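**Q**
Residue numbers (this note's numbering): 132 to 434.
1) If contact is defined by three or more beta carbon pairs under 8 Å, each pair taking one atom from either stretch, is the stretch 210–229 in contact with the stretch 273–286?
2) In whole angstroms, what is the alpha-carbon distance linking residue 381 and residue 402?
3) If distances are taken between C-alpha atoms only, which option among 357, 349 and 329 comes closest to residue 312?
4) Suppose the cutoff is 8 Å on Cβ atoms and the five residues either side in sequence are ignored; what does the same chain contact list for residue 235 look like?
5) Please check the pair residue 148 and residue 168, which I expect to be a contact at CB under 8 Å, by giving their CB distance rounded to whole angstroms.
6) Do you know offhand how far residue 246's Cα is from residue 290's?
7) I want to know whether the stretch 260–271 touches the stretch 318–332 - three or more CB-CB distances under 8 Å.
8) Between which two residues does the beta strand (DSSP E) harbouring residue 188 extend?
9) Is it the case that the Cβ atoms of residue 428 and residue 143 are separated by a distance below 9 Å?
10) Just how far apart, CA to CA, sit residue 426 and residue 216?
11) Apply the 10 Å Cβ neighbour rule to residue 339 and answer buried if 16 or more other Cβ atoms are within range, or exposed otherwise.
12) Taking 8 Å as the cut-off, is the beta-carbon of residue 411 closer than that to any non-hydrogen atom of the ligand ZN?
13) Grab the span of the beta strand (DSSP E) containing residue 275 for me, first residue to last.
14) Roughly how many whole angstroms lie between the Cα atoms of residue 221 and residue 317?
15) Could you say which of 423, 190 and 414 lies nearest to residue 159 if we only look at CA atoms?
16) Under three-state DSSP, which class holds residue 201?
17) Checking the sheet assignment: what are the DSSP bridge partners for residue 245?
18) Measure the C-alpha to C-alpha separation of residue 132 and residue 391 and round it to an integer number of angstroms.
19) Suppose the cutoff is 6 Å on Cβ atoms and the five residues either side in sequence are ignored; what does the same chain contact list for residue 187 look like?
20) Nearest-angstrom Cα distance between residue 180 and residue 218?
21) Could you please give me the residues that DSSP links to residue 394 through a beta bridge?
22) Skipping 5 residues on each side, what residues in its chain have a beta carbon closer than 7 Å to that of residue 175?
23) Using 8 Å for Cβ pairs, my map puts residue 358 next to residue 341. What's the rounded Cβ distance?
24) Considering only the alpha carbon of each residue, which of 420, 394 and 393 lies closest to residue 404?
25) So, for residue 388: in the same chain, excluding its five sequence neighbours on each side, which residues have a beta-carbon less than 6 Å away from its beta-carbon?
26) Counting C-beta neighbours from all protein chains within 10 Å, is the total for residue 354 16 or more, i.e. buried, or is it exposed?
27) When the distance is taken between beta carbons, is residue 331 closer than 9 Å to residue 140?
28) Beta carbon of residue 293, beta carbon of residue 239: below 9 Å?
29) Whose C-beta lies closer than 8 Å to the C-beta of residue 370 among residues of the same chain, with five residues either side of it excluded?
30) Could you tell me how far apart the beta carbons of residue 315 and residue 304 are, in whole angstroms, since I believe they sit closer than 8 Å?
31) Closer than 7 Å by C-beta to residue 424: which residues in its own chain qualify, once you throw out the five before and the five after it? Chain order, please.
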């Protein structure tokens with residue numbers, strides 16, 4: 132079954148280098164983007180022509196995490212620095228050499244704990260305190276493999292934590308001990324992404340082999356299929372769980388029916404779509420936002 136072509140509904144232009152990171156911001160319809168130019172830009176979904184530069188960290192940004200209640204922004208850089216920005220003053224209040232290589236993902240494990248996925252193959256764990264001048268303290272460092280850690284995903288009940296590893300495996304860790312519970316031997320050339328279905332006990336992963344795999348909670352692989360030519364960089368369910376989205380090195384954004392895994396839509400190869408690798412993806416409500424090596428951020432509407 133072939134999929135129909137679709138085009139973005141809006142473009143957010145202004146970055147001078149590849150876009151590697153996206154994050155939903157504090158207000159309704161607000162989101163952030165960042166990448167190789169080291170600048171974090173705030174966007175309003177319905178005003179794509181009015182991006183506002185919030186901070187310039189002077190080096191490539193690989194990951195973002197907004198802590199709304201604390202009014203803080205966490206930034207993971209390409210050299211492994213973990214930066215904390217006070218959103219009220221837009222000033223850096225803390226900078227830590229968290230990893231020896233880039234930080235590819237920052238996630239909140241619970242209200243008081245953060246985890247960072249490092250390019251050095253380790254997972255760093257941080258406590259979040261009340262001191263706004265130094266809110267983060269390192270709790271531990273967990274070496275998982277010799278390759279990059281590319282993604283961390285936490286289930287909706289915060290019971291399951293899975294890390295996508297460059298050695299091809301997906302490691303599920305117990306909460307709160309973070310001991311390894313089980314290992315999914317997934318992708319021959321490296322695992323790049325993982326996502327949980329919002330209501331079903333199913334996990335999806337994407338890898339450098341161009342494959343998407345569907346996993347049961349016990350680690351059994353239900354299905355695997357080729358989705359992109361080259362690496363699959365992001366996999367994500369829409370908030371309703373009706374659709375699965377995958378993006379890849381082939382510059383395509385693909386939409387799949389989450390129940391049948393039949394293709395539904397794919398981005399066109401016209402110039403108003405992405406022309407290079409699609410590295411990042413978030414949902415702002417039901418609107419899909421993507422960021423790419425082509426320096427552009429695009430918005431898409433699903434059926």
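Think of the CB as a built atom: it goes at the ideal place given N, C-alpha and C, for glycine as much as any other residue.
All values derive from a computational prediction rather than experimental measurement.
**A** Taking the coordinates as given:
1) Between the stretch 273–286 and the stretch 210–229 there are fewer than three C-beta pairs closer than 8 Å, too few to call the two in contact.
2) Their backbone Cα atoms lie some 14 Å apart in a straight line.
3) Per the Cα distances, 349.
4) Correct list, in chain order: 193, 194, 207, 248, 249, 250, 279, 280, 281 and 282.
5) The pair is a contact, with the Cβ atoms about 4 Å apart (cut-off 8 Å).
6) Computed Cα separation, rounded: 15 Å.
7) No: the two stretches stay apart, fewer than three of their Cβ pairs being nearer than 8 Å.
8) For residue 188, no beta strand (DSSP E) run applies, since DSSP gives it neither H nor E.
9) Yes. Within cutoff.
10) Rounded to the nearest angstrom, the gap between the Cα atoms of residue 426 and residue 216 is 23 Å.
11) So residue 339 counts as buried.
12) Among the components of this structure there are no ligands whatsoever, and the ligand ZN is therefore not found.
13) It is not in any beta strand (DSSP E) - residue 275 carries neither H nor E in the DSSP assignment.
14) Near 41 Å, if we compare the C-alpha coordinates of residue 317 and residue 221.
15) Measuring C-alpha to C-alpha distances from residue 159 to each of 423, 190 and 414 identifies 414 as the nearest.
16) In this structure, residue 201 counts as coil in the three-state DSSP scheme.
17) Residue 245 is bridged by DSSP to 239 and 257.
18) Because residue 132 carries a pLDDT of 46, less than 50, the predicted location of this residue cannot be relied on, and the following value inherits that uncertainty. Each residue's alpha carbon lies about 11 Å from the other.
19) Answer for residue 187: 169 and 170, listed in chain order.
20) Rounded to the nearest angstrom, the two C-alpha atoms are 22 Å apart.
21) Partner(s): 387.
22) Around residue 175: 160, 161 and 181.
23) Sure, about 6 Å apart at Cβ, within 8 Å.
24) Measuring from the Cα of residue 404, the nearest candidate turns out to be 420.
25) Excluding sequence neighbours, residue 388 sits near 395.
26) With fewer than 16 other Cβ atoms within 10 Å, it is exposed.
27) Not closer than 9 Å, so no.
28) Not in contact: residue 293 and residue 239 (Cβ atoms no closer than 9 Å).
29) Taken in chain order, the residues that qualify are 329, 414, 416 and 417.
30) Not a contact, Cβ separation roughly 12 Å.
31) Taken in chain order, the residues that qualify are 149, 407, 408 and 410.
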